[in-house]
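Undergrad:
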Amino acid sequence: MDVDCRSNDARILKYKGMAHMEKFRSPGPAAIAAAAMIIAILPSFAAAQERPAQFPADPKIEAALTEISAQRIQLDIEKLVNFQTRSTLSFQDSDSRGVGAARDWIKAEFERYSKECGGCLEVKTDGFLESPGERIPRPTPITNVYAVLNGSDPASRTRIVLVTGHYDSRNSNVLDVSGAAPGANDDASGTAVSLECARVLSKLKFPATIIFLAVAGEEQGLNGSRHFAGMAKSVGWNIEAALNNDIVGGDRSPQQNTNVVRVFSEGLPLAASQSQAKLIRNLGAENDSASRELARYVVEVGRVYHSSIQPLLMFRPDRFLRGGDQRSFNEQGFAAVRFTEYREDYNHQHQNVRTENGIEYGDLPKFVNFDYVADVARLNAATLACLAAGPAPPANVHLLTKELENTSTLTWEASPDNRAKTYEVLWRATSGAYWEHNESAGTALRITLPLSKDNVVFAVRAIDGGGHRSLPVTPTPEQ
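Numbering (numbering that gives the first Met the number 0), first residue to last: 0 to 478.
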């Protein structure tokens with residue numbers, strides 16, 4: 000194997016004889032020798048790359064994760080439940096009851112965290128008047144509450160990663176504004192994840208920006224998240240990743256698997272134009288949307304930080320007959336995934352609190368596993384921290400397809416924030432769920448590998464000096 004460094008921007012791995020094998024109609028001794036060398040090299044190459052190298056854990060992130068508290072999460076969930084109902088249509092001006100009281104408390108919690116870190120968080124609201132619709136009988140004020148931990152690097156702070164949960168709740172009648180709607184699991188649990196991530200991560204500094212968000216209007220039709228994502232798109236925010244936590248309470252049913260959290264992600268992007276969708280279908284790239292790469296990144300983070308809860312990739316946008324706020328971000332072209340407990344108990348969702356025939360109904364705190372929620376929060380916090388600490392993904396990643404050949408050449412441009420020190424190529428079988436192999440490209444912006452592009456899926460990602468990885472970017476064909 001020869002390494003040909005023709006320029007500072009190009010590294011080409013050339014396997015002798017491979018590019019010329021098809022030219023030999025009658026193989027001579029030289030061709031036979033070249034083929035023998037390839038046969039000898041490829042098995043060892045593959046064997047050395049059976050699984051991508053696990054990136055190193057950051058001690059500061061590890062230390063922060065230990066501060067996530069199941070007890071604090073329990074207090075947050077119980078506080079939200081104590082507002083009796085958080086229906087989006089409920090009271091806006093009460094200090095102790097209704098969606099307005101919940102909104103004000105969440106904002107006060109973000110402000111308290113900011114005070115503890117010397118004003119490191121910008122606490123904001125995104126309020127608007129929702130017009131009447133199927134689940135909105137009259138014009139209704141809706142307010143999203145969020146806290147911004149601005150990035151410390153001027154070149155990176157425009158990159159945004161985000162965590163969210165919805166703080167509104169409902170009971171059996173989605174239009175009921177006065178009946179009890181505790182919403183402990185759906186979705187005080189997700190709101191508590193966002194709050195706890197803010198409390199812990201606000202003590203650290205990251206090159207990129209993190210937003211901790213709590214939205215309303217989800218139960219009425221994703222109204223809050225749709226407005227927030229639309230606002231972000233209209234002002235040009237660069238949201239690289241949105242993590243939506245909805246029903247992450249680990250309902251205490253005997254069939255629950257507390258070692259697993261489902262991570263849902265879209266395949267064919269909702270925001271894809273007709274021409275983009277056609278290209279994705281032609282390439283067979285339905286399993287490599289930006290949201291799918293984000294989901295795979297969550298899995299990697301779980302391995303690195305030895306999470307006691309393992310993410311389970313769900314290759315569909317959401318559950319049957321259900322939807323969540325990640326859709327709003329997907330509709331605007333942002334990468335977004337949904338975290339949800341492994342097994343939902345529908346007696347404890349969207350139900351009036353009651354007991355019938357010995358069955359307890361209602362979304363109450365006693366059905367929530369607070370240790371499980373804390374584990375989900377750690378996985379979210381680790382993912383946010385890794386992405387915000389890492390460099391921007393490489394730009395304009397391409398796979399050369401000018402010739403029929405059994406090698407594959409990828410090219411890319413440097414990460415826009417200039418924080419990448421090296422680059423890494425990943426690949427997997429077309430049927431593979433996870434990245435299976437990796438090869439360092441060093442500082443180069445080009446690499447040729449002895450693999451047929453027809454047989455594998457490639458991606459490229461950036462690595463900074465501390466080993467933090469960017470999201471992988473799958474290449475587009477270049478002829």
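Quick reminder that beta carbons are idealized off the backbone N, C-alpha and C, glycines included.
Alpha carbon to alpha carbon, what distance is there between Y304 and E61?
TA: Position 62 of the sequence shown holds residue 61. Position 305 of the sequence shown holds residue 304. One C-alpha to the other measures close to 7 Å.
Undergrad: Are the beta-carbon atoms of T447 and A458 separated by less than 8 Å?
TA: The residue you call residue 447 lines up with position 448 of the sequence shown. The residue you call residue 458 lines up with position 459 of the sequence shown. No. Outside cutoff.
Undergrad: Please state whether the Cβ-Cβ distance between G189 and H165 is less than 8 Å.
TA: For the purposes of this step, residue 189 is taken as residue 190 along the sequence shown, with counting starting at 1. For the purposes of this step, residue 165 is taken as residue 166 along the sequence shown, with counting starting at 1. In contact: G189 and H165 (Cβ atoms closer than 8 Å).
Undergrad: Alpha carbon to alpha carbon, how far is P42 from N405?
TA: Taking the first residue of the sequence shown as 1, we reach residue 42 at position 43. Taking the first residue of the sequence shown as 1, we reach residue 405 at position 406. Legend: pLDDT at P42 = 44, less than 50; position of this residue unreliable, value from coordinates given subsequently. Rounded to whole angstroms, P42 to N405 spans 15 Å at the Cα level.
Undergrad: Since D250 and N351 are thought to touch, with beta carbons under 8 Å apart, how far apart are those beta carbons, to the nearest angstrom?
TA: Position 251 of the sequence shown, counted from the start, is the residue given in the question as residue 250. Position 352 of the sequence shown, counted from the start, is the residue given in the question as residue 351. Incorrect: roughly 17 Å between the Cβ atoms, too far for contact.
Undergrad: What residue range is occupied by the uninterrupted alpha helix (DSSP H) comprising V199?
TA: Sequence index remark: in the sequence shown, residue 199 carries index 200 (1-based). Run containing V199: S188 to L200, per the alpha helix (DSSP H) assignment.
Undergrad: My output table needs one value for S43: the three-state DSSP class, helix, strand or coil.
TA: As a working mapping, residue 43 is identified with position 44 in the sequence shown. Caution is warranted here: a pLDDT of 40 is assigned to S43, below 50, making its placement in the model unreliable, and no coordinate value can be reported.
Undergrad: Is the beta carbon of I60 within less than 7 Å of some heavy atom of the ligand ATP?
TA: Inclusion of the ligand ATP in the displayed structure is not the case, the ligand content being empty and no account of it being possible.
Undergrad: When we look at the beta-carbon of V199 and count the other beta-carbons within 10 Å, is it buried (16 or more) or exposed?
TA: By 1-based counting over the sequence shown, the position of residue 199 is 200. Counting Cβ neighbours within 10 Å, V199 comes out buried, since at least 16 surround it.
Undergrad: Give me the residue from V80, P449 and G266 with the minimum Cα distance to A432.
TA: Within the sequence shown, numbered from 1, the residue matching residue 432 stands at position 433. The residue with the shortest Cα to Cα distance from A432 is G266.
Undergrad: With a CB to CB cut of under 8 Å and the five nearest residues on each side skipped, what residues in its chain are close to R96?
TA: In the sequence shown, the residue the question calls residue 96 occupies position 97. Correct list, in chain order: F82, Q83, T84, S89 and F90.
Undergrad: Is F227 helix, strand or coil when you go by DSSP?
TA: On the sequence shown, residue 227 is found 228 positions in, with the first residue counted as 1. In the structure shown, F227 sits in a helix (DSSP, three-state: H, G or I).
Undergrad: Could you pull the start and end residues of the alpha helix (DSSP H) that Y479 belongs to?
TA: Only positions 0 to 478 of the chain appear in the structure, and residue 479 is not among them; the question remains open.
Undergrad: In whole angstroms, what separates the C-alpha of Q219 from that of H349?
TA: Taking the sequence shown and counting its residues from 1, the one referred to as residue 219 is at position 220. Taking the sequence shown and counting its residues from 1, the one referred to as residue 349 is at position 350. Near 12 Å, if we compare the C-alpha coordinates of H349 and Q219.
Undergrad: If you draw a straight line from the C-alpha of Q73 to the C-alpha of N368, how long is it?
TA: Residue 73 sits at position 74 when you count from the first residue of the sequence shown. Residue 368 sits at position 369 when you count from the first residue of the sequence shown. Distance between the alpha carbons of Q73 and N368: 9 Å.
Undergrad: Could you compute how far the alpha carbon of L470 sits from the alpha carbon of F333?
TA: The sequence position of residue 470 within the sequence shown is 471, counting from 1. The sequence position of residue 333 within the sequence shown is 334, counting from 1. Distance between the alpha carbons of L470 and F333: 13 Å.
Undergrad: Please go through the segment 45-129 and give each complete alpha helix (DSSP H) segment of 4 or more residues, from N-terminal end onward.
TA: Segments of the alpha helix (DSSP H) lying fully in the segment 45-129: 58-64, 69-80 and 98-115.
Undergrad: Beta-carbon within less than 6 Å of N149's beta-carbon, same chain only, minus the 5 sequence neighbours each way: which residues are those?
TA: Residue 149 sits at position 150 when you count from the first residue of the sequence shown. Only R156 and T208 meet the Cβ criterion.
Undergrad: Please state whether DSSP places Q219 in a helix, a strand or coil.
TA: For the purposes of this step, residue 219 is taken as residue 220 along the sequence shown, with counting starting at 1. Residue state, collapsed to three classes: helix.
Undergrad: What residues in its chain sit with their C-beta under 6 Å from that of A387, if we drop five residues either side in the sequence?
TA: Within the sequence shown, residue 387 is the residue found at index 388, counting from 1. Excluding sequence neighbours, A387 sits near V160, F205, A207 and I209.
Undergrad: Between the alpha carbons of D92 and S177, how many angstroms are there, rounded?
TA: In the sequence shown, residue 92 corresponds to position 93, counting from 1. In the sequence shown, residue 177 corresponds to position 178, counting from 1. Roughly 14 Å separates the two Cα atoms.
Undergrad: Below 6 Å CB to CB, which residues in the same chain sit around I31 once its five sequence neighbours on both sides are set aside?
TA: Position 32 of the sequence shown, counted from the start, is the residue given in the question as residue 31. At I31, the pLDDT of 43 sits below 50, so the modelled position is not reliable; the number obtained from the coordinates is stated separately. Cβ neighbours of I31 beyond the five flanking positions: none.
Undergrad: Helix, strand or coil: which one does DSSP assign to P26?
TA: As a first step, residue 26 is located in the sequence shown; it is residue number 27 there, counting from the start. Any reading at P26 must be qualified, since the residue scores a pLDDT of 46, below 50, and its modelled position is unreliable; the value itself is stated next. Correct three-state label for P26: coil.
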